[in-house]
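Asker: Okay, so the first sequence: first residue is 179 according to this note's numbering, each after it adds one.
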Amino acid sequence: MDVTPVLGSLNDSQREAVTSPAAPVLVLAGAGSGKTRVLTHRIAWLVGVEDVSSHSILAVTFTNKAAAEMRGRIESLLETPAASMWVGTFHGLAHRLLRRHWQEAGLPQNFQILDADDQLRVIRRLIREMELDESRWVPKDVRGFINRNKDEGLRPAELAAEDDPTRRQMVHLYDVYQRNCDKAGLVDFAELLLRAFELWRDNEELLSHYRRRFRNVLVDEFQDTNVIQYRWLRLLAGTDGIPFVVGDDDQSIYRWRGAKIEHLHRFQKDYPETRLIRLEQNYRSTGSILGAANKLIANNTSRLGKNLWTEGEDGEPIRIYSGFNERDEAQFVVGKIKDWSEQGGARQETAILYRSNAQSRVFEEALINAAMPYRVYGGLRFFERAEIKDALAYLRLLINRDDDTSFERVVNQPTRGIGARTVEMLREYAQANATSLWKSAGALIEQGIRGRASRSLFEFMRLIEELDHQTRDLELHERVDIVVNRSGLVAHYGKDPGEKGQARVENLEELVSAARGFMPDEQLEMPPLDAFLAHAALESGDDQGDPWDDCVQLMTLHSAKGLEFPLVFLSGMEDGLFPHRLSTGDSKALEEERRLCYVGITRAMKQLYLTYAEQRRLHGMDTFGLPSRFISELPQELVEEVRPRVQVSRPVYRPKRGIQQSEAPAGMRLGQRVRHGKFGEGVVLNYEGDGSHARLQVNFEQSGTKWLVMAYANLEVL
DNA sequence: TACTATTTAATTTTT
DNA sequence: TTAAATAGTA
179 MDVTPVLGSL
189 NDSQREAVTS
199 PAAPVLVLAG
209 AGSGKTRVLT
219 HRIAWLVGVE
229 DVSSHSILAV
239 TFTNKAAAEM
249 RGRIESLLET
259 PAASMWVGTF
269 HGLAHRLLRR
279 HWQEAGLPQN
289 FQILDADDQL
299 RVIRRLIREM
309 ELDESRWVPK
319 DVRGFINRNK
329 DEGLRPAELA
339 AEDDPTRRQM
349 VHLYDVYQRN
359 CDKAGLVDFA
369 ELLLRAFELW
379 RDNEELLSHY
389 RRRFRNVLVD
399 EFQDTNVIQY
409 RWLRLLAGTD
419 GIPFVVGDDD
429 QSIYRWRGAK
439 IEHLHRFQKD
449 YPETRLIRLE
459 QNYRSTGSIL
469 GAANKLIANN
479 TSRLGKNLWT
489 EGEDGEPIRI
499 YSGFNERDEA
509 QFVVGKIKDW
519 SEQGGARQET
529 AILYRSNAQS
539 RVFEEALINA
549 AMPYRVYGGL
559 RFFERAEIKD
569 ALAYLRLLIN
579 RDDDTSFERV
589 VNQPTRGIGA
599 RTVEMLREYA
609 QANATSLWKS
619 AGALIEQGIR
629 GRASRSLFEF
639 MRLIEELDHQ
649 TRDLELHERV
659 DIVVNRSGLV
669 AHYGKDPGEK
679 GQARVENLEE
689 LVSAARGFMP
699 DEQLEMPPLD
709 AFLAHAALES
719 GDDQGDPWDD
729 CVQLMTLHSA
739 KGLEFPLVFL
749 SGMEDGLFPH
759 RLSTGDSKAL
769 EEERRLCYVG
779 ITRAMKQLYL
789 TYAEQRRLHG
799 MDTFGLPSRF
809 ISELPQELVE
819 EVRPRVQVSR
829 PVYRPKRGIQ
839 QSEAPAGMRL
849 GQRVRHGKFG
859 EGVVLNYEGD
869 GSHARLQVNF
879 EQSGTKWLVM
889 AYANLEVL
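(1) What is the residue span of the beta strand (DSSP E) that P592 lies within?
(2) With burial defined as no fewer than 16 other Cβ atoms inside 10 Å of the residue's Cβ, what is the status of Q839: buried or exposed?
(3) In the DSSP output, what is S500 paired with across the bridge?
(4) When you compare each of G557, L558, E542 and I577 to P551 by their alpha carbons, which one comes out closest?
(5) To which residues of the same chain is L275 closer than 7 Å at the C-beta, ignoring the five residues directly before and after it?
(6) Distance check for Y790 and S500, CA to CA, integer angstroms please.
(7) For Q972, which of helix, strand or coil comes out of DSSP?
(8) How about the segment 222–231 and the segment 439–454: do they share at least three Cβ pairs that are nearer than 8 Å?
(9) Suppose contacts are defined by Cβ-Cβ distances below 8 Å. Is I530 in contact with S806 by that definition?
(10) Once the 5 residues before and after R277 are set aside, which same chain residues still bring their CB inside 6 Å of it?
(11) My output table needs one value for Q410: the three-state DSSP class, helix, strand or coil.
(12) Kindly indicate which three-state DSSP category E818 falls into: helix, strand or coil?
(13) Which residues in the same chain have their Cβ closer than 7 Å to the Cβ of D581, if we skip the five residues on either side of it in sequence?
(14) Can you tell which of N325, R481 and V423 has the C-alpha that lies nearest to the C-alpha of I899?
(15) May I ask which residues mark the beginning and end of the alpha helix (DSSP H) holding D901?
(16) Look at the alpha carbon of E687 and the alpha carbon of P698, and state the distance between them as a whole number of angstroms.
(17) What does the Cβ neighbour count give for G186, buried or exposed, with the cut at 16 atoms within 10 Å?
(18) Three-state secondary structure (DSSP) at F289?
(19) Report buried or exposed for G797, applying the criterion of at least 16 other Cβ atoms within 10 angstroms of its Cβ.
(20) Hey, out of A470, A200, E586 and G212, whose CA is closest to S191's CA?
(21) Under the three-state reduction of DSSP, which class applies to H441: helix, strand or coil?
(22) Does the beta-carbon of R828 have 16 or more other beta-carbons within 10 angstroms, so that it is buried, or is it exposed?
(23) Counting pairs of Cβ atoms below 8 Å between the segment 292–299 and the segment 737–756, do you hit three or more?
(24) Please report how far the alpha carbon of A524 lies from the alpha carbon of E677, in whole angstroms.
(25) Mind checking whether Y787 and I475 have CB atoms under 8 Å apart?
(26) Within 8 Å, do at least three Cβ pairs link the segment 643–651 to the segment 608–624?
(27) Measuring CA to CA, which of T593, E771, A245 and G465 is closest to P813?
(28) Just to confirm the assignment, what range does the beta strand (DSSP E) spanning T583 have?
(29) Count the other C-beta atoms from every protein chain shown that fall within 10 angstroms of the C-beta of F400, then say buried if there are 16 or more, exposed otherwise.
(30) With DSSP run on the structure shown, which of helix, strand or coil describes G666?
(31) Under three-state DSSP, which class holds G266?
(32) Spell out a yes or no on whether the segment 467–474 and the segment 413–420 are touching, meaning 3 or more CB-CB pairs, one atom from each, closer than 8 Å.
(33) Compare the beta carbon distance of V424 and V196 with 8 Å and say whether it is the shorter of the two.
(34) Cutting at 8 Å between CB atoms, please list the residues of its own chain near G597, excluding the five before and the five after it.
(35) Within 10 angstroms of the Cβ of R599, are there 16 or more other Cβ atoms? Answer buried if so, exposed if not.
(36) Within this structure, are the beta carbons of D753 and L667 separated by less than 8 Å?
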């Protein structure tokens, strides 16, 4: 094979990493240094040049996106599909193992995956059943306790011997929760990993089979591995495996999720013959941006150490803007984006980054006012929406009637007269007879409980049975379609007022489309519906927008990791906000905030602005902040303050929904008569924004004046 | 049972 | 401020 496509485009260190002999390798890859390249080219090198079987390769990432990208790039390098290679997320691969070896793992064949929200519901339900005080035993805290311990590989039995009564109760809750899940065949995210680990640990034959198979284990974002993931990897690699891990200790920002930056050091101890390779040449940012990043991160202790450099220009200095208040700050940012755009830059090349989601609001308002399209990352993803989760719960009941979580979710959704009292009764019966809610419902009906509730319950059970039997032999998307409609969900959500109901119905329709386009992972050999549900839990839905609209990108610093933009704004650079006040106490947490800042800075390719507000409205109170300490940690010679504040000494009152300078949306004008599906006929009074964000104010004859989003309202022009 | 008023709390979230 | 969860009322 011609090695040019594999090695031609690499620099010396990248090439060293890619062509390393068969021994453990740790690649310390700085931001923008071609980390993914090294990983994909390494695999292409092994398979294409060293003639290693693709069967022997296991490559693991943290996100579905990264996994998909990696597979795509490998296949295009090798010019052949590599189906026998295992490329996936930790959770996805663990899931695959558990499906294959469900018996050895002690799981029912049709086990279901609980996402974070489902898990919380289960915990909340159990706390109530145990009649504990929810303010003393906060469900989220309990979940945190359980997941933290699972991430460390600890089962309740290993935690038991404790004197502290609070802790003992927590352990007890963990135990109760786990028994409940085992009984119902439910597996949460942390459990996927822990079970997969235990599966190998406790099955020598199985382990040696996989060890023989996966000689080459490659890991992306290694600094983000938690304890159980690391132990899982070590178990697999054993003494003969060849681990190749890539990471950056300076970009570790998930300590609070159990990630252990220490694994980078640990790796070198566990594999003393490790070859350490640093990738320090950066292909993304200007010299000034890298200089700032290097100087900032140097304030952290116990780093493996790394200094980014570039062959490119120094570029422009880092600019600092001190806003009068948060609205002034937003105004400034939007103004700069406007300049960028007028000079021919695309809006999607610009990103506004912030520490916490709540900060997006002011920017959104400013962007709407400027009629500038934008996109906020994060928030609810497709499979996490309430209406979608309802539909999924119905589908789960088709597979397993004893799934109490799903049962409780939809037994009265849409409302069918089965209220809290009835459910309470079912719970009591289920608990007393150690059975499921479904079976309890059946039993109670047979015992002839009185009245309406009984009839409604019977109707519900018949609905589920019918849906199951009548759709069993249909195509997946037809099943979903029928379930979504016959369950009454579409009708129920259609009743929600205005655009919201419309959007929800559209989402349900989208679920049918998703089912139609669903390609199950053939390796799993599961029934289509089961596979679809697993997919929904593990890939909560792409939150990528249409690449076609040219939007300003808004996101938290965390979600910006791995991305790059020519023009970047780090906003809210105030002490207390960033670094967040909750993290300023302990030095480990503060260092993580600094790494977060480092991640933010290194997103920028050409221009970087840091902005802050002297006065900011937080939780309804005006607060006065000091500039973030991180600003003073930057090299002063690379920094320049901008103060075009001559004309904006005070914010001018501007009617929020006054007459706008923006153009009327297509086909609309003031006074236009329109018809809406729900509200009937009316007259357009006002509008703001354009494109997909255009909103119209319509005075309806029947329903009064309402603001509607063009994209959802489906207005008919009369 | 369903809607409305009141209370409460407020980082980050790959799966 | 606000969103969400809970308590109270029709």
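For every residue, glycine included, the Cβ atom is placed at its ideal position computed from N, Cα and C.
Note that the structure is a prediction, hence the values are computed from the model and not measured.
Answerer: With the given structure in hand:
(1) It is not in any beta strand (DSSP E) - P592 carries neither H nor E in the DSSP assignment.
(2) Here Q839 scores only 37 on pLDDT, less than 50, and its place in the model is too uncertain to base an answer on.
(3) For S500, which the question treats as bridged, DSSP gives the partners Y790.
(4) E542
(5) Same-chain partners within the cutoff: A374 and L377.
(6) 5 Å
(7) The displayed coordinates of the chain run from 179 to 896. Any statement about residue 972 would go beyond what the structure contains.
(8) no
(9) no
(10) Non-local C-beta neighbours of R277 in its own chain, meaning closer than 6 Å and more than five positions away in sequence, comprise L702, ordered along the chain.
(11) Here the sequence assigns Trp to residue 410, which means Gln is not the residue at that position. Reduced to three states, the DSSP call for W410 is helix.
(12) strand
(13) Q290, A362, R574 and L575
(14) Shown here, the chain extends from 179 to 896; a query on residue 899 therefore has no answer.
(15) Examination of residue 901 is not possible in this model, given that the chain is present from 179 through 896 alone.
(16) In a straight line, the C-alpha of E687 is about 20 Å away from that of P698.
(17) Counting Cβ neighbours within 10 Å, G186 comes out exposed, since fewer than 16 surround it.
(18) coil
(19) Per the sequence shown, residue 797 should be read as His rather than Gly. Exposed, by the Cβ-count rule.
(20) G212
(21) Helix.
(22) In this prediction, R828 scores a pLDDT of 38, lower than 50, which makes its location untrustworthy; the coordinate-derived value is nonetheless stated afterwards. Exposed, because fewer than 16 other Cβ atoms sit within 10 Å of the Cβ of R828.
(23) no
(24) 30 Å
(25) no
(26) no
(27) G465
(28) Looking at the DSSP string, T583 is not in any beta strand (DSSP E); the run it does join, the alpha helix (DSSP H), is D582 to V588.
(29) Buried: at least 16 other Cβ atoms inside 10 Å.
(30) coil
(31) strand
(32) no
(33) no
(34) N590 and A631
(35) Exposed, by the Cβ-count rule.
(36) no
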